[in-house]
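Protein chains in written order, with our numbering: chain D, 1 to 199; chain L, 1 to 199.
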């Protein structure tokens, strides 16, 4: 004895989402059914809207409703500075700083040697073309400071050496704001020492 | 600069779900969009199916695809024993034991004095009628052993006293299987002592 077929299938669909197990899926589905029908309909409509409207920007591969995303379409953005990120969420995080005048490029994945994910998952060809077309002056590698991000950065740096004069940088490593020196891990502290800034 | 409108709205819809904050909603939406379109369509179809097919059993208020749920429609189930639960998930948990021969009744909510939720949220009238119609012999109160569940149980017990001869019970309190006596909390241990079973 379980739920009726349609409910059971919906729970299964929800448990396919990342970080959602069967019990959480169960709770979400019952929540959706418990609320007034219109609310559930609104939820489905929003998904249909996103499904039909969202496409990828042809230049940076961020999600957009047009062929070109607002950032790539903005003439005030410096197309010669390209910031390479792993996923669309990273663009949102960086844009919140209002500190980056250039454009982005979404790799779509990172290499993960431990999981057997090689460079074939990365959208690299279009990046190389973009660098050529934009006559890019600087590439900022904004990947996570972890094993996978580092591996991917090293791989990209090797490839990018083919462009003479192209400045390649990565986001600074060091103490995050509000950190407590006493509790910082050794690698973070080592990075903070090595990258110390002259005042 | 945030996501495009349709994506932003879908993230907002997802963050309305219980236990899902904005960052998790963001991750779920990007996951849905990142996968092949057919997968997202399947996900939406499953929701439409559940939305159109799921209704509530007229007798126990569990979700069902028919007017009567499989348990209430099963002639082998003893209609004179009614187990009162707060939500549909609790029925699934109890059914997994294969130890209950009776039928269920979903209250739909519990009282929560701290949140100002009184008895008006509980579906009580239909329960009283069901007891009368089924000529019920026993009511098992299977509510959570916490403040809200206890309050609701006390309230129901008072109401159920109007049926002379009706046996009212609640699920046993004591040590859960696999527990370690040393780490059991005082109330659980006190319950285990008070409810000790003669061998």
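We treat Cβ as the ideally placed atom computed from N, Cα and C, and that holds for glycine.
Query raised in the report: At a Cβ cut of 8 Å, what residues of the segment 121-146 of chain D count as close to chain L, listed as they run along the chain?
Result: none
Query raised in the report: residue 82/L and residue 110/L: beta carbons closer than 8 Å?
Result: no
Requested in this report: State the DSSP-derived secondary structure class of residue 148/L, mapped to helix, strand or coil.
Outcome: helix
Requested in this report: Report the partner residues of residue 106/L according to the DSSP bridge assignment.
Outcome: 85/L
Query - Local conformation of residue 94/L per DSSP, three classes - result: helix
Query - Per-residue burial, residue 114/D [other beta carbons within 10 Å of its own, 16 or more giving buried] - result: exposed
Query raised in the report: Could you give the C-beta distance for residue 14/L and residue 7/L, rounded to a whole number, given that I count them as a contact under 8 Å?
Result: Contact flag wrong, Cβ pair sits at about 11 Å.
Report task. State the Cα-Cα distance for the pair residue 130/L and residue 99/L, rounded to the nearest angstrom. Result -> 22 Å
Query raised in the report: Residue range of the alpha helix (DSSP H) that residue 167/L falls in?
Result: Not the alpha helix (DSSP H): residue 167/L falls in the beta strand (DSSP E), residues 167-170.
Requested in this report: Please report the Cβ distance between residue 50/D and residue 33/L, rounded to the nearest whole angstrom; I am assuming they are in contact, meaning their Cβ atoms lie under 8 Å.
Outcome: 7 Å
Report task. Measure from the C-beta of residue 6/L to each C-beta in chain D and report whether the shortest distance is under 8 Å. Result -> yes
Query raised in the report: When you compare each of 116/D, 57/D, 172/D and 39/D to residue 141/D by their alpha carbons, which one comes out closest?
Result: 172/D
Query - Reduced DSSP secondary structure (H/G/I, E/B, other) of residue 117/L - result: strand
Query - Cβ shell of residue 184/D (< 7 Å), same chain only, five flanking positions each side left out - result: 175
Query raised in the report: Distance, Cα to Cα, residue 62/D vs residue 9/D?
Result: 31 Å
Query raised in the report: Using 8 Å as the limit for Cβ to Cβ distance, is residue 27/L near chain D?
Result: yes
Query raised in the report: In this structure, does DSSP put residue 3/D in helix, strand or coil?
Result: coil
Query raised in the report: Which value, in whole angstroms, describes the spacing of the CA atoms of residue 37/D and residue 189/D?
Result: 54 Å
Query raised in the report: With which residues is residue 30/D paired in a DSSP beta bridge?
Result: The partner list for residue 30/D (beta bridge, DSSP) is empty, contrary to what the question assumes.
Query raised in the report: Of all the residues that make up the segment 73-94 of chain D, which are near chain L by a beta-carbon distance shorter than 7 Å?
Result: 87, 88, 89 and 92
Report task. Run down chain D in chain order and give the residues with a C-beta less than 7 Å from the C-beta of residue 104/L. Result -> Here the premise fails: no neighbours, minimum Cβ distance about 11 Å.
Requested in this report: Please confirm whether residue 155/D and residue 127/D have their CB atoms less than 8 Å apart.
Outcome: no
Query - Spatially closest choice to residue 86/L from 4/L, 65/L, 77/L and 122/L, by CA coordinates - result: 122/L
Requested in this report: For residue 65/D, return the contacting residues in chain L, with the cut-off set at a CB-CB distance below 8 Å.
Outcome: 4, 5 and 6
Query - Cβ-based neighbour list, residue 11/L, same chain, cut-off 6 Å, excluding 5 preceding and 5 following - result: 25, 26 and 29
**Report entry** Extent of the continuous alpha helix (DSSP H) to which residue 138/D belongs
**Finding:** No alpha helix (DSSP H) contains residue 138/D, which is instead part of the beta strand (DSSP E) from 138-141.
Report task. Less than 8 Å between the CB atoms is what I'm expecting for residue 22/D and residue 92/L, so what's the real figure, rounded? Result -> Not a contact, Cβ separation roughly 11 Å.
Query raised in the report: DSSP three-state call for residue 56/D: helix, strand or coil?
Result: strand
Query - residue 174/L: contacting residues in chain B (beta-carbon distance under 9 Å) - result: As a matter of chain content, chain B is missing from the structure shown, whose protein chains are D and L.
**Report entry** Within-8 Å CB hit, residue 19/L to chain D
**Finding:** yes
**Report entry** Residue range of the unbroken alpha helix (DSSP H) whose run includes residue 66/L
**Finding:** No alpha helix (DSSP H) holds residue 66/L; DSSP gives it neither H nor E.
Query raised in the report: Start and end of the alpha helix (DSSP H) containing residue 135/L?
Result: Unbroken run through residue 135/L: none, as it is neither H nor E.
Requested in this report: For the alpha helix (DSSP H) holding residue 192/L, just list the boundary residues, first then last.
Outcome: 186-194
**Report entry** Within chain D, partners of residue 30/L - CB distance below 9 Å
**Finding:** 63, 87, 88 and 89
Query raised in the report: Nearest chain L C-beta to residue 99/D closer than 8 Å, yes or no?
Result: no
Query - Close Cβ partners of residue 53/L (< 7 Å) along its chain, the five nearest in sequence each way excluded - result: 65
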